[in-house]
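Protein chains in written order, with our numbering: chain G, 10 to 175; chain A, 160 to 548; chain W, -1 to 161. Ideal Cβ positions, reconstructed from N, Cα and C, are used throughout, including at glycine. First the structure, in the form of structure tokens, and then the observations on it.
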Amino acid sequence: MSNITRERVTAQFGDKILATTEHFGELAFVVDKSTIVPLARFLRDDTALKYVHLSDITATDWPEREKRFEVIYHLYSYDLTEYVRFKVHVADKESVPTLTGEWDTANWLEREVFDLFGIPFDGHPDLRRILLWDEFEGHPLRKDYPLTYETPQFTYNKDQPPEVIK
Amino acid sequence: MQTETMTVNLGPQHPATHGVLRVVLELDGEVVIKCTPEVGYLHTGIEKTAEAKLYYKVIPMTDRMDYLAPMSNNLGYCLAVEKLLGVEAPPKAQWARVLLTEITRLNSHLVWLGTHALDIGAMSMLLYVFREREDLLTIYEAVSGQRMMSTYFRIGGLTDDLPSDFEPMVRKVIRTFPVRFDEYENILTNNRIWRNRTVGVGVISKEEAIKSGITGPILRAAGVKHDLRKVRPYSSYEKFDFDIPTQEASDCFARYQVRLEEMRQSLRIIQQAIDGMPEGRYLARVPGVVRPTKEEALFQMEAMIYHFKLVTEGFHPPKGEVYVTIESPKGELGYYIVSDGGTMPYRMRVRPPSFVNISALSKLVVGRLLADVIACIGSVDIVLGEVDR
Amino acid sequence: MGLEEKIPDGIILATAEKVVNWARKRSTWPFGFGLACCAIEMMSSFGPKYDLSRFGMEVMRASPRQADLMIVAGRVSNKMAPVLKRLYDQMPNPKWVISMGACASCGGIFNNYAILQGVDKIVPVDIYVPGCPPRPEQLIDGIVKLQKLIDQEKLKGDSRQSA
């Protein structure tokens, strides 16, 4: 089934697909970051594919690589009942174009990636932290972030003197 | 006349937000003009912690994400790791998994029904569903020793064999629950207050629902006949006969109807699973990857060595990445696991259905009354443990 | 036997402390701080099988202003911690705290950047209920133990009563 996806995408994009892999029966493309939005649109709108459901956006961190982050997209087609995955490699502080114009799901999923990895998304309408609070320092899912680091506890009335117990 | 809008902060500690969801509402009188859900108050760092655990030690943490459907979470994770390893659970384990995940679905939908009804005024429902839930928790406890956080599924099968009193307990559920469902329908379905609070409330069109990534019962209530158990069967679901309930109205009442019918279909699956439960092993026999059973470990030397190696070192799955999705009671639950060949997942990502579903909350409530927000939050069926992970 | 013989029927003498403590321990209004998994078991204990109202505890309050017992049920994230502290401060005195479950007591299995390692870092805890999640019986046991604790409270001189 995934052959049709592979054929159509390769026919449409050709060299822009940097690599195509198929592990465990799961089709994946590696693309450049300028190709993300056209590729997503093509997968969604092509009448033979119709990957209309944006299942997931996530990232992985490979600190030893030159471009340390992989941003990973999973799309699903209700007609083919197949998933397709495409990835883009970005360096630290390098931004990725947003998919919020194509899917509303992308809004929160990209915010989560921004929160936990610190990957900015170009054109995102509301790029704030989502799971952690605004003053949080660092991005916990990066590999160099310690697991058990405990942030100092809040003292919202720090400026007030402590209550004296008589 | 000059009018001002009012901002109302709902949560994070509010009895009707099903946990610690915070919703910032901008109101014009009593009409919602803007709705911003804020999540993260239960952020647990499970994805980070999983990177420092052996593969099988991640299973207990998956329980604690969607704590109303622990076995569905276990199943998704185990299937993902099994795909990575190329291991398949034996038939008995697969059928037991189907049976227990359907019991989990009952469990999740029952609590949803109780809390949703409580939120919009039908308090007695909560007491009814918790009466029924005890029957399900007894089954959990019998198989795993724990009432809620069962951690019963293992990579390659089950923790232990099904207990001898398992079948009568399941038969009791099959026998009693249809009557109970009729009771619920008697209380709610034609109840004028219930209908007033739910019919026509929180409508989202089919196209909008797909664009917002909504999955599960909400999508089916919008008229999309899609269920991963049918279209991408896992764990022998293709051998079971069941229907996918759908509705067209796409309001809170339609979601109630869909979930109630799903519970009846779950009972059908449970019936087939208990009738045709195959005999045989409950754990796959894959030395070095799947833990040997207790009897083998005690009486065979090789099994003992493998057992020792597994609990100390773990196993090394091949390099690669898998994305496995299952139909959890909330919707499409996905596990994306990246292996670098080590004994711990390099990256474990959970695609949480509630997280995506609640992100579309503002589409359900804008333009409606403040009281409808409560009905809408309830009808989305969120579990904050899964939203925030 | 002294004074008791002189007073008319139907009158019992006791210290004010005993009467107040007796009233308090039998009508503790819990503020259900349901956070995670333990909240569901807390609901189970209010449900028909375990029926916490036998102990005068079923009046769950949604507002901290009307409650005098906070049951912290579930893991407390660092983001939630200030909220919890603020709600605790809003409860009128005297007040008690039950930390329900391993996560609320000590962080449980989640020792990481996101979870507060024990709710006793920010609020004083009277009773710790172990378990992940505790069974309803365990919670009831904790509540009964708390009632014994309330029974021994001093009316004067206790920091809890002043303020």
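Exercise. Among A:Ala175, A:Ile369, A:Leu259, which has the Cα closest to the Cα of Asp113 (chain G)?
Worked result: Taking only the C-alpha atoms, the option nearest Asp113 (chain G) is A:Ile369.
Exercise. Whole alpha helix (DSSP H) runs in the stretch 274 to 308 of chain A with 4 or more residues, listed along the chain?
Worked result: Annotation note: the stretch 274 to 308 of chain A contains the following uninterrupted alpha helix (DSSP H) runs of length 4 or greater, listed N- to C-terminal: 283 to 303.
For this session: Classify Thr157 (chain G) as helix, strand or coil using the three-state DSSP reduction.
Result: Coil at Thr157 (chain G), not helix or strand.
For this session: Return yes when the Cβ of Ala49 (chain G) is within less than 9 Å of the Cβ of Glu111 (chain G), no when it is not.
Result: Yes, the Cβ-Cβ distance between Glu111 (chain G) and Ala49 (chain G) is below 9 Å.
For this session: Under 7 Å between beta-carbons, which chain W residues line up against Leu286 (chain A)? List them in chain order, please.
Result: What Leu286 (chain A) touches in chain W: Gly45, Pro46.
Exercise. Around the Cβ of Leu156 (chain G), are there at least 16 other Cβ atoms within 10 angstroms (buried) or fewer (exposed)?
Worked result: Under a 10 Å Cβ-count criterion, Leu156 (chain G) is classified as exposed, with fewer than 16 other Cβ atoms of the shown protein chains found around its own Cβ.
Exercise. To the nearest whole angstrom, what separates the beta carbons of Val191 (chain A) and Val532 (chain A), a pair I think is in contact under 8 Å?
Worked result: Right, their Cβ atoms sit about 6 Å apart.
Problem set entry | DSSP state of Gly544 (chain A) mapped onto helix, strand, coil | In the structure shown, Gly544 (chain A) adopts helical secondary structure according to DSSP, grouped into three states.
Exercise. Thinking C-alpha only, which one of G:Pro134, G:Asp101, G:Asn116, G:Phe130 is nearest Gly147 (chain G)?
Worked result: Selected option, being the one with the closest Cα: G:Asp101.
Exercise. Is any beta-carbon of chain G found at less than 9 Å from that of Ala106 (chain A)?
Worked result: This structure cannot settle anything about residue 106 (chain A), because the visible part of chain A is limited to 160 through 548.
Problem set entry | Three-state class that DSSP yields for Met422 (chain A) in the structure shown | It is helical.
Exercise. Can you tell which of G:Arg151, G:Asp65, G:Trp142 has the C-alpha that lies nearest to the C-alpha of Arg94 (chain G)?
Worked result: Of the residues G:Arg151, G:Asp65, G:Trp142, the one whose Cα lies closest to the Cα of Arg94 (chain G) is G:Asp65.
For this session: Could you list which residues in chain A have their beta carbon closer than 8 Å to that of Glu39 (chain W), in chain order?
Result: Near Glu39 (chain W) (Cβ distances below 8 Å), the residues of chain A are Arg306, Met307.
For this session: Give the residues from the stretch 35 to 57 of chain G that approach chain A closer than 7 Å (Cβ to any Cβ), ordered along the chain.
Result: Only those residues of the stretch 35 to 57 of chain G whose C-beta falls short of 7 Å from the nearest C-beta of chain A are listed: Glu35.
For this session: Would you mind stating whether Thr310 (chain A) and Glu491 (chain A) have Cβ atoms separated by less than 9 Å?
Result: Between Thr310 (chain A) and Glu491 (chain A), the C-beta gap is not smaller than 9 Å, which leaves the two residues out of contact.
For this session: Verify whether the separation of the beta carbon atoms of Met78 (chain W) and Leu33 (chain W) is less than 9 Å.
Result: In this structure, the beta-carbon distance from Met78 (chain W) to Leu33 (chain W) falls below 9 Å.
Exercise. When the Cα atoms are used, what is the spatial distance from Leu528 (chain A) to Arg356 (chain A)?
Worked result: Distance between the alpha carbons of Leu528 (chain A) and Arg356 (chain A) is about 11 Å.
Problem set entry | 6 Å Cβ shell around Gln114 (chain W) - same chain, five flanking residues per side excluded | For the sequence presented, residue 114 (chain W) should be read as Leu rather than Gln. These residues qualify, in order along the chain: Val74, Asn76, Ala79.
Exercise. Unbroken beta strand (DSSP E) runs of length 3 or more, entirely within the stretch 418 to 496 of chain A: which are they?
Worked result: 479 to 487, all fully within the stretch 418 to 496 of chain A.
Exercise. On the three-state DSSP scale, how would you describe Phe123 (chain G)?
Worked result: Note: Phe123 (chain G) maps to helix in three-state DSSP.
Exercise. How do the stretch 249 to 262 of chain A and the stretch 317 to 329 of chain A stand: do at least 3 beta-carbon pairs fall below 8 Å, yes or no?
Worked result: Verdict: yes, contact present.
Exercise. For Ser160 (chain W), which residues from the same chain have a beta carbon less than 7 Å from its beta carbon, with the 5 sequence-adjacent residues on both sides left out?
Worked result: In this prediction, Ser160 (chain W) has a pLDDT of 44, which is less than 50 and means its spatial position is unreliable; what the coordinates show is noted afterwards. Counting only Cβ-Cβ distances below 7 Å, and skipping sequence neighbours, we find nothing.
For this session: Could you run through the stretch 531 to 547 of chain A and flag, in chain order, every residue whose CB is less than 8 Å away from some CB of chain G?
Result: Against chain G - using a Cβ distance shorter than 8 Å - the residues of the stretch 531 to 547 of chain A are Asp547.
Exercise. Just to confirm, does Arg508 (chain A) get its C-beta within under 8 Å of one of the non-hydrogen atoms of the ligand FAD?
Worked result: Absent from the structure shown: the ligand FAD. Ligands present: none.
Exercise. From Val338 (chain A) to Glu2 (chain W), what distance separates their C-alpha atoms?
Worked result: Near 59 Å, if we compare the C-alpha coordinates of Glu2 (chain W) and Val338 (chain A).
For this session: Specify, as a first and last residue, the run of the beta strand (DSSP E) that Glu366 (chain A) falls within.
Result: In the DSSP annotation of this structure, Glu366 (chain A) is not part of any beta strand (DSSP E); the continuous alpha helix (DSSP H) holding it starts and ends at 365 to 370.
Problem set entry | chain A contacts from the stretch 134 to 151 of chain G (Cβ-Cβ distance under 7 Å) | Answer in chain order: Ile139, Leu140, Leu141, Pro149, Leu150.
Problem set entry | With 16 other Cβ atoms within 10 Å as the buried cut-off, status of Met89 (chain W) | The residue in question, Met89 (chain W), is buried, as its Cβ has 16 or more Cβ neighbours within 10 Å.
For this session: Hey, could you find the ends of the alpha helix (DSSP H) Lys83 (chain W) is sitting in?
Result: In the DSSP assignment, Lys83 (chain W) falls within the alpha helix (DSSP H) that extends over 79 to 88.
Exercise. Taking C-beta to C-beta, are Leu108 (chain G) and Ala115 (chain G) nearer than 9 Å?
Worked result: With a cutoff of 9 Å on beta-carbon distance, Leu108 (chain G) and Ala115 (chain G) are scored as near each other.
Exercise. How big is the Cα-Cα spacing for Lys175 (chain G) and Leu234 (chain A)?
Worked result: Annotation note: pLDDT 43 at Lys175 (chain G) (below 50); position unreliable, coordinate value reported separately. Those two C-alpha atoms are separated by around 56 Å.
For this session: Can you tell me the Cβ-Cβ gap for Val40 (chain W) and Ala71 (chain W), rounded? I've got them flagged as a contact below 8 Å.
Result: For clarity, residue 40 (chain W) is Met in the given sequence; the question names Val instead. With 8 Å as the limit, Met40 (chain W) and Ala71 (chain W) qualify as a contact, their Cβ atoms being about 5 Å apart.
Problem set entry | Three CB pairs or more closer than 8 Å across the stretch 507 to 514 of chain A and the stretch 381 to 391 of chain A | Fewer than three beta-carbon pairs drawn from the stretch 507 to 514 of chain A and the stretch 381 to 391 of chain A are found closer than 8 Å, and the two stretches are therefore not classed as touching.
For this session: Starting from the Cα of Asp187 (chain A), find the closest Cα among A:Val167, A:Glu206, A:Leu426, A:Val362 and give me that residue.
Result: For the residues A:Val167, A:Glu206, A:Leu426, A:Val362, the minimum Cα distance to Asp187 (chain A) belongs to A:Val167.
Exercise. Mind checking whether Gln172 (chain A) and Val81 (chain W) have CB atoms under 9 Å apart?
Worked result: Less than 9 Å divides the Cβ of Gln172 (chain A) from the Cβ of Val81 (chain W).
Exercise. Taking the alpha-carbon positions, what's the Arg330 (chain A) to Asp402 (chain A) distance?
Worked result: Approximately 21 Å between the Cα atoms of the pair.
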